[in-house]
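Chains as they are written, first to last, in our numbering: chain G, -17 to 305; chain B, 95 to 388; chain R, 886 to 1129.
We treat Cβ as the ideally placed atom computed from N, Cα and C, and that holds for glycine.
Given the structure is predicted, the values throughout are model-derived calculations rather than measurements.
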């Protein structure tokens, strides 16, 4: 308990002070996206890492959040905060309603169904040109503002987005350590045993699917109001795969790992300009190699690897001595 | 009657793409029955079939039949390699892990294809020219005849293999009961490798015969693969006629929907069918209902 | 009740009752239908025909989670632990029905939730003590030796505070020392006023602790009675010798 609190405080302090060390400019802009993807990856991790239920359609909730927020403000001139709240509630309701039938499925079938859901939503974004602007996108989405402060610079957006990241992480860490979190992990390990103990498996799965949808919609709304332009390409199947890769890199069930995964996959393309051409090759390789050789992700895998290396080195040293 | 001609036209072209979905779906079903894995990389073998034929035929200038044979061989080799390197080492992994591995394999294959051949869309020449044949007022391409013919041959061969050859019977035995199969001396691991080989070869064939009609590029595997899966789901994951019927149903509905309702939602139709079947009758339209899909 | 699997009749017109605050043993040779019986009673399978009554109430076809809330839990022959969780956490899941914090209270760490968490932890520890494995609380359940895993599964089921506990071959895979510990634990459960039913192969255990025994053979009920009556029953002796 204490250790979790310390971890969180260190994380929050690092997030809040990071801009002091950066001179602003482009890197801050990139960090805004790291923040948005962190929320998305944490959202998927609650579902996949905690409850063991896969979703390949997370981009749909992300996109719905962005489009509801974007259309309400750009087309109907709604207040951005009101739009955000509506987006989050609407997507939560959609996820809840879809969750009951979809989460009856398991494993491969659940993966296919969520994938299908994601692609249908993507097609709708493209085809409802009157509402979404179709493939050419929706522009003129206003920034969020509080009082006189308009979140219109990278630095302001950094603080805006990362405040939400911190809250998301805090809530998620709390949740994963609670009675609900334990029941979800129990479902992950043995569904039948969880049911025997009176855990309402069906409802809990739907609830966590809804929470995951809500966080994703929040990220979508933040994305719409910081970038001010959205198009279907940002919410396609590839995004769902990218999120999956982030979660796998960080480690299933590790909330801070999701932040790490989001940071790595968002920063890589910035560090290597040519990454764009290789992105899916890298994702594919990472997914296979990580799941085969480091199933706990970096957060658990690296310390483990370091320890085993250390043991091997020590063993090597002692055997040399004995020779 | 123009409408009737139109309907006939849509149905015919739907049946021909449906035949392709059926072939891909059979690939899904064969792997599923021997391993309980849904191979998300199935669509990539379809892409590989088309792209490799293009590479051998157009880039290297090989004679088309030779290019086709080489393409099938190469795609099959990729399938076998994938099974050896990524599937076989994981013995009793949870389904999620297997989903993630096959998705990883899928985008890795797609990414390598993109690096090798670029992002452009290419057309493979028709096998027998492009003069349409008029049939009851509907025009069909000779390529469609190729598709029907090849599909029919493969489905027949498939049936003969599974019901009359020793290896085919052994594979069916594995799908019923893996432990019992091992006890009677069937090499289950080899059967799994076999199932990947057969599926990737069938996928490649499907990709080759459809490429002249629909063009091909590094990313066609996603949609074709998913629609093939849809066919297999409708067929209740059977390696026989259920899946074939499923493919034809998806193909025809999609073609009719695109023609009569809206072409923009063409791809959505298959997914809506997929979701409806998964949610209402996960055992498929023709399944018996006792199979629980876990 | 009757249970048929695709033409194979696993249970045929089996009917008996379990009396409250007692230990009832269900025995029979392999394939007698003992585990199927448990699966039907605990809602994992639906019976093909017949009814399950609990306290005079028809509970046929109730889901396992509903039965748990009514006070009926079970353990599994092959033990089903939450392997990635600690021993203590396993028992804490057992207290799920005895607590109520929802998602929002948990995410916000509301004071009522924190109080409840403390209570869950204390109760879970006391159940571990009850089963004599409190010293293993922090261990990952997947790393437990089999015998301890069995005790954990019973402790976890007890945390539900059931009125009836069904034990599916609790002594399977245990050595004789572990079995006698188990017998003591089952007696303690009975003394706590909880009805116990167990399916078991270990005759010594069954004869030693059960006050009533039901014998199944090939899906039929062969006999029912006190351990002494069963030991002297001709049919039972034939069935067992025939198997032997």
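Inter-residue spacing [alpha-carbon to alpha-carbon] between residue i and residue j
i, j, result
"residue 309/B", "residue 221/B", "13 Å"
"residue 20/G", "residue 212/G", "19 Å"
"residue 49/G", "residue 69/G", "8 Å"
"residue 898/R", "residue 966/R", "33 Å"
"residue 99/B", "residue 31/G", "53 Å"
"residue 389/G", "residue 303/B", "Chain G is shown only over -17 to 305; residue 389/G falls outside these bounds and no answer can be derived."
"residue 1113/R", "residue 1087/R", "16 Å"
"residue 202/B", "residue 267/G", "6 Å"
"residue 55/G", "residue 207/B", "41 Å"
"residue 1030/R", "residue 153/G", "36 Å"
"residue 264/B", "residue 272/B", "10 Å"
"residue 39/G", "residue 155/G", "23 Å"
"residue 9/G", "residue 253/G", "10 Å"
"residue 914/R", "residue 920/R", "12 Å"
"residue 146/B", "residue 374/B", "39 Å"
"residue 1056/R", "residue 1074/R", "16 Å"
"residue 1123/R", "residue 903/R", "25 Å"
"residue 287/B", "residue 178/B", "7 Å"
"residue 111/B", "residue 344/B", "9 Å"
Any C-beta of chain R under 9 Å from that of residue i
i, result
"residue 90/G", "no"
"residue 225/G", "no"
Three-state secondary structure assigned by DSSP to residue i
i, result
"residue 1110/R", "strand"
"residue 205/G", "helix"
"residue 388/B", "Interpretation of residue 388/B is limited by its pLDDT of 32, a score under 50 that renders its predicted location unreliable; the figure taken from the coordinates is listed afterwards. If DSSP states are grouped into helix, strand and coil, residue 388/B belongs with coil."
"residue 104/B", "helix"
"residue 937/R", "coil"
"residue 840/R", "It is not possible to answer for residue 840/R, since the shown part of chain R is limited to 886 through 1129."
"residue 184/B", "coil"
"residue 18/G", "helix"
"residue 959/R", "strand"
"residue 5/G", "coil"
"residue 216/B", "strand"
"residue 1082/R", "strand"
"residue 967/R", "coil"
"residue 927/R", "coil"
"residue 85/G", "coil"
"residue 223/B", "strand"
"residue 1075/R", "helix"
Residue range of the alpha helix (DSSP H) that includes residue i
i, result
"residue 48/G", "40 to 56"
"residue 103/G", "89 to 109"
"residue 973/R", "972 to 979"
C-beta neighbour in chain G for residue i, strict 9 Å
i, result
"residue 1120/R", "no"
"residue 1054/R", "no"
"residue 1024/R", "no"
"residue 1017/R", "no"
"residue 385/B", "Because the pLDDT of residue 385/B is 40, which lies under 50, any placement of that residue in the model is unreliable, and the question is left without a value."
"residue 323/B", "yes"
"residue 208/B", "yes"
"residue 186/B", "no"
"residue 1028/R", "no"
"residue 178/B", "no"
"residue 365/B", "yes"
"residue 311/B", "no"
Presumed contact (8 Å Cβ cut-off) between residue i and residue j, rounded CB distance
i, j, result
"residue 224/G", "residue 265/G", "7 Å"
"residue 206/G", "residue 123/G", "5 Å"
"residue 972/R", "residue 1037/R", "6 Å"
"residue 92/G", "residue 178/G", "At roughly 22 Å, the Cβ-Cβ gap does not stay under 8 Å, so residue 92/G and residue 178/G are not in contact."
"residue 214/B", "residue 311/B", "7 Å"
9 Å Cβ cutoff, residue i in contact with chain B
i, result
"residue 93/G", "yes"
"residue 281/G", "no"
"residue 86/G", "yes"
Continuous beta strand (DSSP E) stretch holding residue i: start and end
i, result
"residue 908/R", "908 to 912"
"residue 1051/R", "1049 to 1053"
"residue 178/B", "That residue, residue 178/B, is in no beta strand (DSSP E); it is neither H nor E in DSSP."
"residue 229/B", "227 to 229"
"residue 167/G", "No beta strand (DSSP E) holds residue 167/G; the alpha helix (DSSP H) holding it covers 161 to 171."
C-beta neighbour in chain D for residue i, strict 9 Å
i, result
"residue 115/G", "Among the protein chains of the structure shown, namely G, B and R, there is no chain D."
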